[in-house]
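> Protein chains in written order, with my numbering: chain L, 1 to 177; chain Y, 1001 to 1448; chain F, 2001 to 2100.
Before I ask anything, here is the structure I am working with.
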């Protein structure tokens, strides 16, 4: 009971905030709604017993990426953008394609009952109190089986950091290069 | 309908302690934060050779209440072109972040909101760092130059020092081996020493980083009155400003609690678990009784009879509290309450000492300029924190793989870290000398 | 936890909204934010199946996706800032330097 209340709460907040996010005229409002979506997603992670990912989402996504977005939105003049039409003409096509995708996935999920094992509505998971501690499991996996992707991710972050700084840096006046 | 009512009752039955403790946190922490403000004003006065607030209530003790009433009845001004929704919401975010992160802290053995979580320390740090949102949204929504400059500077400072603080904490976490708060303190009890002695550089980095994270002096440029007219708080008046202010002091309490848990031994007494020092368990009532005796001594020196009567009342209260603390020691059937009472005492003393150091630094050191601040964070603290993590890791490796003595390994690696810090400070001095004399070109890593 | 289908529908809804945002909005910053939304939807999926099958690899991959999203947001915003300095516009319609 508590599980379903929490799920519907977080899911409702996530979907509502996402819908609000793509429809706001003001980019700062969009950023705020993205933050609420991310927090609701973190709640979903916590409900799926992925506690390290919950806090990683909060620290990295909300506390890191959204800082970046909000800084850029504030440092870039926005009054130019506020007076234009928000949506392009493709919105009908976009909504149509999205609905087609939704229909397709719904059909797959509902028909999955024909698959052996009873399908997705029935398949459960390990009972929650028998789970090993999440952070330790994640760390063990990350530093043994997935060590190479971990190192590559570090290099990726370094490259992205250097690239972003170089691109956004003010060129000095009279710099011919 | 009946099923939902049943479910609701069951929910309340299982979680009522957590709910009550949550309500207590939300209700009590602003009051405590108000009194921390009073303590700060009294300390400021003491260090400036004056008395501080003395009028409202005996020795100014009702000053926070008077301030709260004043702020509540002030006119609520919202700037004309501001974004009303975000303007309303921003101080709330700041306060909510600070209070939510308190949910995972251990204030006492049966005071629990979310104490058992596996990621304890990370939760506290992560959620309390969401306070930056309140700052930058408030600064932006105020639609004023001072606000947005102050907000951007404050957020930049917060983000930089949060990295340094997080890395510094890793040193203590390596020694503890877990993220759960109770397990960290138990690890300190097991190793019979506070982690500040095993990882002093980490503690120092965290001290500096936490001062910067709570926007306290000497890192308070974004909200200093002589600089930016209170920065992001400029357009806020009345209770909204009070929410920001209380959020800042609540953040201070959170940061002090984190440092206490990780480095200062949480609720353990000095030299925990060392059997021949078990008589130290009798210290709390002794210290409080000493405070009472000092109050009696001061009572004779008060100029006005009302104040000396007040001092006698304080002394009496001190002796009563000391008696409460001494009761479990004296009467055996009450022995079960001893760890809880003593733990609360030591925790409070350590958090207060940490906050006292904050205030002491505020009244003593001049303010950092913003570029000096960023330079300190990025060029000195973060490299030092990284080197510290590396060296503590090497020390633990030496102990586990090669069987060295833990203290020897840690002393050697701490010496290495201190050497690196001396080198970094030397580089900083060279840069400052070059900047001030104008001689030579500062070699910038990007501009060449 | 609820049955996996619930989480799949949630993830689908977020993915749909993100796609609509990417295709429809003119402000490139909102387009970038919609991309982050899509990545989040994928994360929910991964964590769901990591829980269903008891394999922590899903969460490891979700962590990598978060790190990757950070890198991509940084670089994307750097590009936007550099472009804005040149062209003073944030609208995707007006970023048509390559148009012949």
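Note that the Cβ used here is the ideal one computed from N, Cα and C, for glycine as well.
Since the model is a prediction, treat every value here as computed from it, not as a measurement.
Ignoring anything shorter than 4 residues, give me the alpha helix (DSSP H) runs that lie fully in the region 1268-1310 of chain Y, in order along the chain.
As far as the region 1268-1310 of chain Y is concerned, its whole alpha helix (DSSP H) runs of at least 4 residues are 1283-1299.
> Do residue 1077 of chain Y and residue 1237 of chain Y have their C-beta atoms within less than 8 Å of each other?
The answer is yes: Cβ separation under 8 Å.
> Of all the CB atoms in chain L, is at least one closer than 8 Å to the CB of residue 2025 of chain F?
It does: the Cβ of residue 2025 of chain F has a partner Cβ on chain L nearer than 8 Å.
> What in chain Y is Cβ-close to residue 133 of chain L, meaning under 7 Å?
What residue 133 of chain L touches in chain Y: 1118.
> DSSP puts residue 2027 of chain F in a beta bridge; with which residues?
Residue 2027 of chain F is bridged to F:2091.
> Would you mind reading off the limits of the alpha helix (DSSP H) that contains residue 100 of chain L?
Per DSSP, residue 100 of chain L belongs to the alpha helix (DSSP H) from 91-111.
> So residue 1042 of chain Y is in the alpha helix (DSSP H); what residue range does that whole segment cover?
Note, residue 1042 of chain Y: alpha helix (DSSP H), 1002-1047.
> Grab me the residues of residue 80 of chain L's own chain with a C-beta within less than 7 Å of its C-beta, minus the 5 sequence neighbours each way, in chain order.
Legend: pLDDT at residue 80 of chain L = 48, less than 50; position of this residue unreliable, value from coordinates given subsequently. Nothing meets the Cβ criterion.
> Determine which residues of the region 35-53 of chain L have a Cβ less than 8 Å from any Cβ of chain F, and write them out in chain order.
Going along the region 35-53 of chain L in chain order, one finds 37, 38, 41, 44, 45, 47, 48, 49, 50, 52, 53 with a Cβ nearer than 8 Å to chain F.
> Using the C-alpha atoms, what's the distance from residue 1248 of chain Y back to residue 1137 of chain Y?
Using only the alpha carbons, I get a separation of about 16 Å.
> On the three-state DSSP scale, how would you describe residue 1084 of chain Y?
Reduced to three states, the DSSP call for residue 1084 of chain Y is helix.
> Starting from the C-beta of residue 1054 of chain Y, find all residues in its chain whose C-beta is less than 8 Å away, skip the five residues before and the five after it, and write them out in chain order.
If we look at residue 1054 of chain Y and ignore the five residues flanking it on each side, its Cβ neighbours are 1060.
> Quick one: list the residues of chain L neighbouring residue 1155 of chain Y, beta-carbon separation under 9 Å, in chain order.
Under the 9 Å cutoff, chain L gives 67, 70, 71.
> How about residue 1361 of chain Y and residue 1209 of chain Y: are their beta carbons less than 8 Å apart?
No, they are not a contact pair.
> How many Å lie between residue 1015 of chain Y and residue 1306 of chain Y at the Cα?
Approximately 47 Å, taken between the alpha carbons.
> Given residue 1056 of chain Y, which residues of its chain have a CB within under 6 Å of its CB, disregarding the five upstream and five downstream residues?
Here the set comprises 1062, 1063, 1066.
> Please report whether the beta-carbon of residue 2096 of chain F lies at a distance below 8 Å from any beta-carbon of chain L.
Cβ-Cβ to chain L under 8 Å: no for residue 2096 of chain F.
> If you reduce the DSSP assignment to three classes, tell me which class residue 2097 of chain F lands in.
Coil, per DSSP.
> Using C-beta distances below 8 Å, list every residue in its chain close to residue 1410 of chain Y, excluding the 5 sequence neighbours before and after it, in chain order.
Once the five neighbours on either side are set aside, the close Cβ partners of residue 1410 of chain Y are 1198, 1199, 1392, 1395.
> Would you mind telling me which residues of chain F sit closer than 7 Å to residue 141 of chain L, beta carbon to beta carbon, in chain order?
Those are 2056, 2057, 2060, listed as they occur along chain F.
> Can you find a CB in chain F that lies within less than 8 Å of the CB of residue 7 of chain L?
Interface residue, yes.
> If you run the structure through DSSP and keep just helix, strand and coil, what is residue 23 of chain L?
Reduced to three states, the DSSP call for residue 23 of chain L is coil.
> In three-state terms, what does DSSP make of residue 1257 of chain Y?
Residue 1257 of chain Y: helix per DSSP, three-state reduction.
> Residues of chain Y with CB under 9 Å from residue 28 of chain L, in chain order?
Within chain Y, the residues near residue 28 of chain L are 1083, 1086, 1137, 1140, 1141.
> At a Cβ threshold of 8 Å, is residue 161 of chain L touching chain F?
Chain F, which has a Cβ nearer than 8 Å to the Cβ of residue 161 of chain L, makes this yes.
> Applying the criterion that 16 or more other CB atoms from any shown protein chain within 10 Å of the CB defines a buried residue, is residue 1083 of chain Y buried or exposed?
It is buried - the Cβ of residue 1083 of chain Y has at least 16 other Cβ atoms within 10 Å.
> By Cβ distance, which residues of its chain are closer than 8 Å to residue 1356 of chain Y, with the 5 residues on each side in sequence left out?
The residues are 1043.
> Output yes or no for whether 8 Å exceeds the beta carbon distance between residue 47 of chain L and residue 2066 of chain F.
Result no, Cβ atoms of residue 47 of chain L and residue 2066 of chain F do not sit closer than 8 Å.
> Please determine, among Y:1374, Y:1190, Y:1034, the residue with the shortest C-alpha to C-alpha distance to residue 1428 of chain Y.
When each option's Cα is compared against that of residue 1428 of chain Y, the closest is Y:1374.
> As a quick exercise: from Y:1104, Y:1285, Y:1425, pick the residue whose alpha carbon is nearest that of residue 1338 of chain Y.
Selected option, being the one with the closest Cα: Y:1285.
> If we define contact as Cβ-Cβ less than 8 Å, is residue 2040 of chain F a contact residue for chain L?
Output row for residue 2040 of chain F: interface = yes.
> Using only the alpha-carbon positions, how far apart do residue 1187 of chain Y and residue 1140 of chain Y sit?
About 44 Å.
> Helix or strand or just coil, what does DSSP make of residue 2051 of chain F?
If DSSP states are grouped into helix, strand and coil, residue 2051 of chain F belongs with the helices.
> Residue range of the alpha helix (DSSP H) that residue 1388 of chain Y falls in?
Run containing residue 1388 of chain Y: 1382-1401, per the alpha helix (DSSP H) assignment.
> Below 6 Å CB to CB, which residues in the same chain sit around residue 1129 of chain Y once its five sequence neighbours on both sides are set aside?
These residues qualify, in order along the chain: 1162.
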